[in-house]
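In the order they appear, the protein sequences are chains A and B. For what it's worth, the numbering used here labels the leading residue of the first sequence as 33, then goes sequentially. For what it's worth, the numbering used here labels the leading residue of the second sequence as 33, then goes sequentially. We put the CB at the ideal spot given by N, CA and C, even for glycine. Since this is a predicted model, take the numbers as computed values, not measurements. One structure is given below, encoded as structure tokens.
There are 2 protein chains.
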Amino acid sequence: MDGPTNPMVTPLLTDLYQFTMAYAYWKAGKHNDRAVFDLYFRKNPFGGEFTVFAGLEECIKLIANFKLTEEEISFICETLPGSCEEGFVKYLRNIDCSDVEVYAISEGTVVFPKVPLLRVEGPVAVVQLLETPVLNLVNFASLVATNAARHRLVAGKSKMLLEFGLRRAQGPDGAISASKYCYIGGFDATRWFSNNVAAGRLFGIPLRGTHSHAFVSSFMSPDEILERSLHRSDGSSTCEDFVSLVQSWLSKIQWAKALGNTVGETNQSELAAFTSYALAFPNNFLALVDTYDVMRSGVPNFCAVALALNDLGYKSVGIRLDSGDLAYLSGEARKIFQIIEKEFGLPGFGKTSITASNDLNEETLDALNKQGHEVDCYGIGTYLVTCYAQAALGCVFKLVEINNQPRIKLSEDVSKVGERILCRHPFNESKRAYVVPQRVEELLKCYWPGKSGKSSEYIPS
Amino acid sequence: MDGPTNPMVTPLLTDLYQFTMAYAYWKAGKHNDRAVFDLYFRKNPFGGEFTVFAGLEECIKLIANFKLTEEEISFICETLPGSCEEGFVKYLRNIDCSDVEVYAISEGTVVFPKVPLLRVEGPVAVVQLLETPVLNLVNFASLVATNAARHRLVAGKSKMLLEFGLRRAQGPDGAISASKYCYIGGFDATRWFSNNVAAGRLFGIPLRGTHSHAFVSSFMSPDEILERSLHRSDGSSTCEDFVSLVQSWLSKIQWAKALGNTVGETNQSELAAFTSYALAFPNNFLALVDTYDVMRSGVPNFCAVALALNDLGYKSVGIRLDSGDLAYLSGEARKIFQIIEKEFGLPGFGKTSITASNDLNEETLDALNKQGHEVDCYGIGTYLVTCYAQAALGCVFKLVEINNQPRIKLSEDVSKVGERILCRHPFNESKRAYVVPQRVEELLKCYWPGKSGKSSEYIPS
């Protein structure tokens, strides 16, 4: 999941008041006071029982590269209310995170409310500058990873989950972050490219593509197709008129008694679009079958093209449904595929993949499961990437210690395996319980040791 | 509102299927078919009656700079399922938007459902490549501009509105887009910096800063303050011990009969923080007064520092409330300010600015209005920038014409001023009405003429 630094993430991705405070700390001679801040949230999102912690890697990159440019320093000084002193400019020039230490739970861990996910120690003025970008990077990353994990739980392990959200995401980078953290949360692929190179390339996320309704309606009839030849998949020979081959298969389907003569005339614009797409991608034929009528046109047209491709040694990928009753339509399409497998002797055709999209979310996935369906793969967009059910996670970054003086005091008893210990609720005295730990694990590991030279789990390049 | 191009917005900010379709169009010899696509939405967001159209400038920048790099072309060809032909690579190298024309409603206009906001004409393969980024750029921009406008309507014209959302926004650019389009939608300022240089600098948005709760709790007592001197605002003399001056004002407030002896001991950590902040920003003293107790500590401490500043010729900005009953607390604080104005003879002190923050949204602003309050300025974060009440706008980009063949047909009657005309609903025959137009205005203007050389309203540099 490594990748280039996000160009949006710089020391100026912060609230102005972090710099006004830095100036006030500096004026008071307090800027190097040693502070400890904890990052945590108070409530799991989506009314749920867990959160997936994400965004750590980007935080560490920010910290590793934290250095103000001369241009940024001039802008800060212009922007601070009133004039700022030359000594402060010198101080800003020398700021970096070499005196900062970061301890965190590892990225992708399931976490719970009120438990520190990230602890940042260092000079109070510098750590305050980190507050806003760190919250920005963790809040949405964890929210969308959690949302993806929740969709994965409802869909089940065996289904393929694709992220379809670019067009409705909250800005270009809202989309890029979403794509990366959906993958962490258990998605299989995204359908879109991304900045400079690609979300796929950027984070190593697989890409999946097909075509749109506009592609279907942009065709009028198969007569439009000029280049009609297609090599066999093994290269041994060439079919000179693939369009006719498709049409002959379509009539076989229309006359097949096993299909009960239910297939009449199909839409020719759609047939032309499918045929063209198959000529371009004979190894990856995935057809959107609901532009006109799924069962009377889309599925028979798909089957005709798929059977013609099969003649030339190509295996089709499947169909996509983007509207209607997905449970019913997927079931009906599956029946047709199974009949065709039997009728025309095509082993495996009954298992042709069915992808469903169209404003899917946790509730619609759950409803599909309850109704019974034949969908193999889901494309999930808006509800996933915008976290529509709850658009923000409320992580906070709280000062817990300054110059070794606690500002929030929690128990720091050292626990041992096998010993009965009394656990107290930090804020509610009446809540307490005895537990006997079977295993004791440090939740926070060092991810950025600063120049203190402590051993580090992860130092980015 | 001009600014540099967003580095995230490149031709690869698109769905993979736009490139698989481009290849299929090219294979079928259809890639240069002349297509017309309309962008519109079906329903106003937030259950409302209007939408503010935004994102156009960024779309035009994308279109003006639309050119694939060699690196991007190699990635596309690697990623397309199966192999892509050399002729297609040559085609990709030559793609730009010189044959594309863009007509649009101007940015910031109030718009309604089912009305085309943007019409893109050009070679079908190129216009399809634009679909996803254009939707991404318009959907969130229009959503957040609408959300900002709705908050402005509830808050009223006279209030100052600040955007506070960076830490909870959907990724760094979710924040940057939000900040820009909140300003378009009627906000006064943002409190944060941004990429490379700054949201402020990037878009010319004013910045406002203060301090946080952590700043307050990082101080122990005024004894910590080492540098205690402060020049008078006119530079005529220097107060050698501003800390003592503040303390003498605090006792005057504590003993003031007009305040009913209600002020007891205030929090010394808070007093130290306010004093330090005032020493750093004597011309811009804005204090967060709710870390401990607003009425017993925060407001009296603020007044003591503000009165000391006044002695030296400085006018304080005001207070910020970030918790509690904002209607009640703002009213009580206003009373204190008015009493102090009278008691100590400080004209204008009664009008000291009160800023409120803390998870504000349309409903809480409305509730405050109904209760009556003394807030002058609102800082609005999460609910604003994530569009919490509805996290996505569903704009679509529909093929309406190909090679002059309509794919959706709407009336194109030319209307004249003063003539009675029959208006029909496009989809519901029974809905119709006679109207007499008083003014006829072209909704769509040309924003990108391509090389056709038509006059253009706006061509970006």
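Sequence-distant residues of its chain with Cβ nearer than 7 Å to residue i (five each side left out)
i	result
residue 68 of chain A	151, 153, 432, 433
residue 398 of chain B	186
residue 49 of chain A	none
Proximal residues to residue i (C-beta, below 8 Å), its chain only, five neighbours per side dropped
i	result
residue 273 of chain B	260, 261
residue 229 of chain B	Confidence in residue 229 of chain B is poor, its pLDDT being 36 and thus under 50, which makes the residue's placement too unreliable to answer from.
residue 483 of chain A	130, 131
residue 315 of chain B	265, 346, 347
residue 155 of chain B	63, 64, 65, 66, 67, 131, 132
Three-way DSSP call (helix, strand, coil) for residue i in this model
i	result
residue 248 of chain B	helix
residue 47 of chain B	strand
residue 482 of chain B	helix
residue 72 of chain B	strand
residue 52 of chain B	helix
residue 257 of chain A	coil
residue 149 of chain B	coil
residue 107 of chain B	helix
residue 353 of chain B	strand
residue 477 of chain A	strand
residue 432 of chain A	strand
residue 271 of chain A	strand
residue 437 of chain A	strand
residue 135 of chain A	strand
residue 340 of chain A	helix
residue 335 of chain A	helix
N- and C-terminal bounds of the alpha helix (DSSP H) containing residue i
i	result
residue 161 of chain A	156 to 187
residue 371 of chain A	358 to 375
residue 399 of chain A	394 to 403
residue 213 of chain A	203 to 216
residue 86 of chain B	That residue, residue 86 of chain B, is in no alpha helix (DSSP H); it is neither H nor E in DSSP.
residue 304 of chain B	300 to 312
Residue burial classification, residue i (beta-carbon count within 10 angstroms, cutoff 16)
i	result
residue 51 of chain A	buried
residue 412 of chain A	buried
residue 120 of chain A	buried
residue 190 of chain A	exposed
residue 258 of chain B	exposed
residue 468 of chain A	exposed
residue 453 of chain B	exposed
residue 405 of chain B	buried
residue 243 of chain B	buried
residue 142 of chain B	exposed
residue 40 of chain B	buried
residue 331 of chain B	buried
residue 438 of chain B	exposed
residue 403 of chain A	exposed
From the options, residue whose alpha carbon lies closest to that of residue i
i	options	result
residue 200 of chain A	B:424, B:65, B:298, B:284	B:424
residue 175 of chain A	A:75, A:190, A:125, A:221	A:75
residue 326 of chain A	A:314, A:357, A:198	A:357
residue 138 of chain B	B:90, B:320, B:101, B:376	B:90
residue 390 of chain A	A:194, A:429, A:334, A:141	A:194
residue 269 of chain A	A:344, A:253, A:299	A:344
residue 109 of chain A	A:144, A:145, A:44	A:44
residue 368 of chain B	B:221, B:336, B:106	B:336
residue 86 of chain B	B:40, B:166, B:157	B:166
residue 354 of chain A	A:342, A:465, A:218, A:245	A:245
residue 219 of chain A	A:77, A:209, A:181	A:181
Near the ligand FAD: residue i beta-carbon under 6 Å from a heavy atom
i	result
residue 431 of chain B	Summarising the ligand content, the structure contains no ligands, and the ligand FAD is consequently not present.
Residue range of the unbroken beta strand (DSSP E) whose run includes residue i
i	result
residue 411 of chain B	409 to 412
residue 466 of chain B	464 to 467
residue 123 of chain A	It is not in any beta strand (DSSP E) - residue 123 of chain A instead sits in the alpha helix (DSSP H) that spans 118 to 126.
residue 385 of chain B	385 to 388
residue 194 of chain B	192 to 195
residue 100 of chain A	From DSSP, residue 100 of chain A is part of no beta strand (DSSP E); its letter is neither H nor E.
residue 319 of chain A	318 to 320
Spatial neighbours of residue i in its chain, beta-carbon cut-off 6 Å, leaving aside the 5 residues before and after
i	result
residue 278 of chain B	307, 336, 337, 340
residue 299 of chain B	324, 329
residue 171 of chain B	425, 427
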